[in-house]
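Here's the structure, in structure tokens; my notes come after.
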Amino acid sequence: MKTAMTPTRWGMAVALLASGLFFVWWQQDEAAQEQALAAEQAARAAASQPAKPSNALRDLFGAVDQPLPRGPKASERGHEHAAHDHSHDNPWQMAGASTEAADAVSPQGELSAEDKAINENLRRLGYQIHERYYQMPLTQLRQAAAAKDVQALTHLAERYLFALDGKPKEPEHEPGFPYREAARTALTEAYLRGNLHAAAMISETYLLEKRPLDAAAWNLIARRSGDELSADWFLRTQDYQQLGEAARQEAAQKAEALWAQLEQSRKKTSGTG
Amino acid sequence: MKTARTHSLAQAAAALTLALGLMPAGAATVNNTYIQNSANEIRGQLGGYARPTVYVNQRACGEPSPSAFACGPYTISVGTSFLQGQENSYGNYVAKFIIAHEWGHSIQFTRGINKRAPLQELQADCVGGTFAKYAQTTLRYPSFIESAVRSARAAADYSTHGTPSQRDYYSRYGYANGLSACLNNI
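Protein chains in written order, with my numbering: chain A, 1 to 273; chain B, 1001 to 1186.
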């Protein structure tokens, strides 16, 4: 069936074309303004700076990998070893609508619904340790962890790993204390009590110890637990990519055994509260 | 007159961009104005420690393509496309955290701080975290520490910048404990 071009349709087509041309023109206008501002800024800076800056580059914040997309599209992956194009898939599931006070409205605006949903999902997985734990003295943190506070258990592990392990000058450092093992014990406990992200944190501890097979096994636990953000990151690491097929299979077997152990421990944990 | 015209044109263009699906709903436009305003905000908190100029889209550090660099006590170099991409991917105001992270490096240059990897980067994350808190409590922005941490985690490399968990920990450490903790305890 043929479609006739009525005057209304011609009008819509012309309007669409005009919008496109306008957009191109505006982008050029904006770019020219930016360039002029930048040139002005450079001239001002050159006049005010006492010396030429060093050419030693300090940082490239984000060139390491491609950012993960933001939209809350449900992931459909199920294979740990499949090759992924990370620029197009999304590790997030849309979560419930509840948010914490941190996401509340402020005079400068508020977070988008999408950001709030992502934050909520991360909280549910066990990311986002509350700042009060970062302010706790070690003794108090240990007490909270001993009382099975999941965030305290997780943060105690972080404190051991990042603030105390290998840092004898730290006032709270205890010579001979097995920080890494204690951290993994605390993280396992946190995992069993609901912090699913703790599995990926354990994986990272093995990665730092150059034990990629153990790291890969715990990464499989992380993926199976739904922590795809961390699980995906691990797949991009050099250590993982250098693991041969035999080692990956061994890691998968190890993960199966670990999963069974964790399931058993979880039953005990839920039995004892 | 020019300002009014630019403003209405910017609104129209933003609407068109949104309609075409190029940016997430609610995403801010990261241009020179946004970046310089952010630099002024950061200067309000950290200007007593370092006073770099933030160059936009000029590859002022000689980097191959504009992203986010600090290359001395007086120079931060960023690219609008890179920062826009970060905000689109991780959330509004993430660019501010990234510039504050680079400001942290400027403080390191100013004070001659040179730590072994990845602590140099992690200390900068810590400084970024302190700005996220300042932006929330003093400038009254909504909390963007979570988006900032996600952005930092994604750029983790476990040699130069640290692992995702390390970047998470140090950003939050700064957010919780403030600048002097970043400078004295790391």
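We put the CB at the ideal spot given by N, CA and C, even for glycine.
Cβ closer than 9 angstroms: which chain A residues qualify as neighbours of Glu1146(B)? Walking along the second sequence from the start, residue 1146(B) turns up at place 146. Chain-ordered, the chain A residues with CB closer than 9 angstroms to the CB of Glu1146(B) read Ala102, Asp103, Leu111, Asp115, Ile118, Asn119, Leu122, Arg123, Tyr127, Gln128.
Going by the DSSP bridge assignment, what does Ile1076(B) pair with across the sheet? Reading the second sequence from its first residue, position 76 is the one you call residue 1076(B). In DSSP, Ile1076(B) forms a bridge with Val1054(B), Ala1070(B).
Check whether the region 1068 to 1077 of chain B and the region 1152 to 1163 of chain B touch, using three or more Cβ-Cβ pairs below 8 angstroms as the test. Verdict: no, contact absent.
Three-state secondary structure (DSSP) of Val1030(B): As a first step, residue 1030(B) must be located in the second sequence, where it is residue number 30. In the structure shown, Val1030(B) sits in coil (DSSP, three-state: anything other than H, G, I, E or B).
Rounded C-beta distance between Ser1038(B) and Ala1095(B)? I'm assuming under 8 angstroms. By 1-based counting over the second sequence, the position of residue 1038(B) is 38. By 1-based counting over the second sequence, the position of residue 1095(B) is 95. Correct: roughly 6 angstroms between the Cβ atoms.
Proximal residues of chain A, C-beta to C-beta of Gln1166(B) below 7 angstroms: Your numbering for residue 1166(B) matches position 166 in the second sequence. Identification of chain A residues near Gln1166(B) by a Cβ-Cβ cut-off of 7 angstroms yields Phe162, ordered along the chain.
When you compare the CB of Ser1143(B) with every CB in chain A, is at least one pair closer than 9 angstroms? On the second sequence, position 143 is the one that residue 1143(B) refers to. Interface residue, yes.
Alpha carbon of Asn1177(B) to alpha carbon of Gln1136(B), nearest angstrom: Numbered from 1 along the second sequence, position 177 holds the residue referred to as residue 1177(B). Numbered from 1 along the second sequence, position 136 holds the residue referred to as residue 1136(B). Each residue's alpha carbon lies about 14 angstroms from the other.
Let me know if Phe177(A) comes out buried or exposed under the rule of 16 or more other beta-carbons within 10 Å of its beta-carbon. Within the first sequence, residue 177(A) is the residue found at index 177, counting from 1. Under a 10 Å Cβ-count criterion, Phe177(A) is classified as exposed, with fewer than 16 other Cβ atoms of the shown protein chains found around its own Cβ.
Below 8 angstroms on C-beta distance, what does Thr237(A) contact in chain B? Counting from one through the first sequence, the residue named residue 237(A) turns up at place 237. Those are Tyr1158, listed as they occur along chain B.
Could you list which residues in chain B have their beta carbon closer than 8 angstroms to that of Glu158(A), in chain order? Against the first sequence, residue 158(A) aligns to sequence position 158. Near Glu158(A) (Cβ distances below 8 angstroms), the residues of chain B are Ser1165, Tyr1169.
9 angstroms Cβ cut-off: residues of chain A touching Tyr1175(B): Taking the second sequence and counting its residues from 1, one reaches residue 1175(B) at position 175. Against chain A, a Cβ distance below 9 angstroms from Tyr1175(B) picks out Glu131, Tyr134.
Using C-beta distances below 8 angstroms, list every residue in its chain close to Leu258(A), excluding the 5 sequence neighbours before and after it, in chain order. Here residue 258(A) is taken as the residue at index 258 of the first sequence, counted from 1. Shown here for Leu258(A): same chain residues with a beta carbon closer than 8 angstroms to its own, the five before and five after excluded, namely Ala217, Trp218, Ile221 in chain order.
Alpha-carbon to alpha-carbon, Leu207(A) and Arg193(A): Numbered from 1 along the first sequence, position 193 holds the residue referred to as residue 193(A). Numbered from 1 along the first sequence, position 207 holds the residue referred to as residue 207(A). If you draw a straight line from the Cα of Arg193(A) to the Cα of Leu207(A), it comes to about 24 angstroms.
For Lys210(A), count the other beta carbons within 10 Å of its own beta carbon; 16 or more makes it buried, fewer makes it exposed. Which is it? As a working note, residue 210(A) is residue 210 in the first sequence. Flag for Lys210(A) reads exposed.
Have a look at Glu110(A) and Asn1088(B) and give me their C-alpha separation to the nearest angstrom. Counting from 1 along the first sequence, the entry for residue 110(A) is found at position 110. Counting from 1 along the second sequence, the entry for residue 1088(B) is found at position 88. For Glu110(A) and Asn1088(B), the distance between alpha carbons rounds to 15 angstroms.
Would you mind telling me which residues of chain B sit closer than 9 angstroms to Leu187(A), beta carbon to beta carbon, in chain order? Numbered from 1 along the first sequence, position 187 holds the residue referred to as residue 187(A). From the beta-carbon of Leu187(A), no residue of chain B is found nearer than 9 angstroms; the closest lies around 10 angstroms away.
Three-pair Cβ contact test at 8 angstroms for the region 1140 to 1149 of chain B versus the region 140 to 158 of chain A: The answer is no - the region 140 to 158 of chain A does not touch the region 1140 to 1149 of chain B, with fewer than three Cβ pairs under 8 angstroms.
Who are the neighbours of Gly1044(B) on chain D, taking C-beta pairs under 9 angstroms? The question asks about chain D, but that chain is absent: this structure's protein chains are A and B.
Straight-line CA distance for Cys1061(B) to Ser1106(B)? As a first step, residue 1061(B) is located in the second sequence; it is residue number 61 there, counting from the start. As a first step, residue 1106(B) is located in the second sequence; it is residue number 106 there, counting from the start. Distance between the alpha carbons of Cys1061(B) and Ser1106(B): 13 angstroms.
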